[in-house]
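Working notes, structure below.
Chains as they are written, first to last, in my numbering: chain A, 136 to 458; chain B, 78 to 372.
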């Protein structure tokens, strides 16, 4: 690899307890939302997590944002465990890692004007004076294609696309080095999506930002990312550079996922791989490889022993012992 | 078609904001509530007599339209010869002061506890909510009476007692609202921005529950007036000779057959004001409900 990674996760796990009973509840089982996830992100890179809903992408993002402590494993930012930070170091982490979320309605306080909202990270994680904050907000709004005068408006006075621009402006306020983009365009109209994606790419070129992109839409991911990891029920099943993954998918799940996406030109003949059955519950995982009950290439041995990620070609990792 | 136009028209009126909304309030309750506040504030200018001045020789004088009544004392005189109208006017001040002070105190405590327990959850939440359940399952009027008797009748004690039995309603309401608002992405983003918990509660959660608080506070004013009147009626509220609607009803009780006006007029004042405030509260709740606003 090139430079030292900016962010690194090691064997990240998040299990949510399922409890029963009201007063003296006892744990009946665990939802294994994230079950041993390893990846790293380099400076200036867009790293994507793709997968179906419920596969643990968003939980991974929340752990990285320090919103949800992991059950085990660690997230290291520039070599430091982020859950061991406090005081000034925590403040520094907060100002280096920001986020844009999916829902442009839920991610804005309906009672707060745009100006203070964009300035919020500056207020709590920088030492900027109120006057400087105002001019920084104006600068940020211009950068994402809005008028500085719009800082006095309330969120309901904007469209979904404009709201996502505002969210991007806010995430950039502190000049972070990593921005977590959790489905940043999936709530938007197709015509607006391209605008936001281009805005994000431009800003990345301008500031050398790293992105952790969470998405389920393959075209978005392909357009935006340098490297991609495919997740299936809490685990990464395949990880490779974008073109490598799309042209030579190795894992049967990745192959099925890519074959299910619509081609850019209609009418193109393609073989679609239809998977049997449904996604297993993250409470009761099948033994062995968690994909084997649905795998078109499953061997008997797949139900014994869980496979680990292994490198099949430089930078291309697959979690399957038989492909 | 006609229905569609009507709905659109309604939406337009709502969007015009504050003043237009107030104009749509139910007229009579709004007028009575405003009148009550004005009378409470400017009572000493409006009252024709001192509420303490007793004309013993003319005691139990009836209202002006009855035999022996006079326009000098339009609602008659009470058992010791004090002007009933003036006492009702100055009683309004006691009622309003008790309502405002106890709601600020009890509401403040309840809001703070509700925010903390809804935001932090865990054992704090469990503790606060079990105490709240306990408070709400007790007959509050009896509890207030118990405290009032134990502490002795005085205005300060009354405020304290009212706040004590009221905070739980605010805590319960605020906690419930916080539970839904805290899951919004903007709260997570505020944490990512480095905002401390107090800032999140004050800047993000509190402004969003203000609507419900206004509604509850309005409804509580009516409730406080009733409780204050009940406690004063039972002799555990405002100590005499300070005029209070509750104690006035109590004083006239034994004369109900011969001098009904002593009890009936303050009784009518209680009913009118409490009913108006409840109607206004209901209207506010319907108007501020976001689900109704979207329609």
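C-beta atoms are modelled at their ideal positions from N, C-alpha and C, and glycine is treated no differently.
Could you spell out where the beta strand (DSSP E) holding residue i opens and where it closes?
i                     : result
residue 147 (chain A) : 142-155
residue 374 (chain A) : 370-376
residue 170 (chain A) : 161-176
residue 211 (chain A) : 207-212
residue 238 (chain A) : It is not in any beta strand (DSSP E) - residue 238 (chain A) carries neither H nor E in the DSSP assignment.
residue 316 (chain A) : 313-317
Short of 8 Å in beta carbon distance, which residues of its chain neighbour residue i, apart from the five on each side in sequence? Order them along the chain.
i                     : result
residue 264 (chain B) : 258, 277, 281 and 282
residue 81 (chain B)  : Bear in mind that a pLDDT of 38 at residue 81 (chain B), under 50, signals an unreliable position, so the model cannot answer this.
residue 291 (chain B) : 361 and 365
residue 278 (chain A) : 304, 307 and 338
residue 324 (chain A) : 295 and 296
residue 200 (chain A) : 232, 234 and 315
Based on the DSSP secondary-structure assignment, which residues constitute the bridge partners of residue i?
i                     : result
residue 452 (chain A) : A:374 and A:446
residue 182 (chain A) : A:347 and A:362
residue 121 (chain B) : Note: residue 121 (chain B) sits in no beta bridge, so no partner.
residue 215 (chain A) : A:212
residue 367 (chain A) : A:370
residue 154 (chain B) : B:160
Give me the chain A residues within the contact set of residue i, using Cβ-Cβ distance strictly less than 7 Å, ordered along the chain.
i                     : result
residue 262 (chain B) : 236, 238, 241 and 242
Under 8 Å Cβ-Cβ, which residues of chain B neighbour residue i?
i                     : result
residue 319 (chain A) : Simply none; closest approach about 12 Å.
residue 245 (chain A) : 285
residue 229 (chain A) : 269, 270 and 271
residue 150 (chain A) : Result: empty, since nearest Cβ-Cβ is about 19 Å, beyond 8 Å.
residue 226 (chain A) : 271
residue 346 (chain A) : Here the premise fails: no neighbours, minimum Cβ distance about 15 Å.
For residue i, return the contacting residues in chain B, with the cut-off set at a CB-CB distance below 7 Å.
i                     : result
residue 271 (chain A) : Going along chain B, no residue has its Cβ under 7 Å from residue 271 (chain A), so there is no contact; the nearest lies around 14 Å.
residue 297 (chain A) : Going along chain B, no residue has its Cβ under 7 Å from residue 297 (chain A), so there is no contact; the nearest lies around 16 Å.
residue 200 (chain A) : 269
residue 255 (chain A) : 267, 270 and 272
residue 260 (chain A) : 270 and 271
Got a sec? Which residues, its chain only, sit under 7 Å from residue i by beta carbon, not counting five neighbours each side?
i                     : result
residue 140 (chain B) : 146, 151, 152, 153 and 338
residue 195 (chain A) : 147, 169, 172 and 184
residue 411 (chain A) : 429
residue 126 (chain B) : 160 and 163
residue 352 (chain A) : 321
residue 218 (chain B) : 304 and 307
residue 395 (chain A) : 407
residue 106 (chain B) : 353, 356 and 357
residue 330 (chain B) : 340
Check for me: the alpha helix (DSSP H) holding residue i runs from which residue to which?
i                     : result
residue 303 (chain B) : 283-310
residue 251 (chain A) : 249-260
residue 305 (chain A) : 295-307
residue 388 (chain A) : 387-395
residue 332 (chain B) : Where residue 332 (chain B) is concerned, there is no enclosing alpha helix (DSSP H), given that its DSSP letter is neither H nor E.
residue 321 (chain A) : Note, residue 321 (chain A): premise wrong, no alpha helix (DSSP H); not H, not E.
residue 231 (chain A) : 222-231
residue 264 (chain B) : 262-269
residue 362 (chain B) : 338-365
residue 212 (chain B) : 199-214
residue 265 (chain A) : 265-278
residue 235 (chain B) : 232-258
residue 193 (chain A) : 192-199
residue 426 (chain A) : From DSSP, residue 426 (chain A) is part of no alpha helix (DSSP H); its letter is neither H nor E.
residue 222 (chain B) : 217-228
For residue i, which residues in chain A fall below 9 Å Cβ to Cβ?
i                     : result
residue 281 (chain B) : 244, 246 and 247
Counting only Cβ pairs nearer than 9 Å, list the residues of chain B close to residue i.
i                     : result
residue 233 (chain A) : 266, 269 and 270
residue 312 (chain A) : None at all; the shortest Cβ gap to chain B is about 14 Å.
Please return the same chain residues whose Cβ sits closer than 6 Å to the Cβ of residue i, not counting the five positions on each side in sequence.
i                     : result
residue 257 (chain A) : 263, 268 and 308
residue 326 (chain B) : 310, 340, 343 and 344
residue 384 (chain A) : 390 and 393
residue 188 (chain B) : 247 and 251
residue 231 (chain A) : 311 and 312
residue 387 (chain B) : For chain B, the structure presents residues 78 to 372; residue 387 (chain B) sits outside this window and is missing.
residue 91 (chain B)  : With a pLDDT of 44 at residue 91 (chain B), under the threshold of 50, the modelled position of this residue cannot be trusted; read the value that follows with caution. Within the same chain, residue 91 (chain B) has no close Cβ partners at all.
For the stretch 267-278 of chain B, which residues have a beta carbon sitting closer than 9 Å to at least one beta carbon of chain A? 267, 268, 269, 270, 271, 272, 273 and 276
Contact list for the stretch 196-220 of chain A against chain B, Cβ threshold 9 Å: 197, 200, 201 and 202
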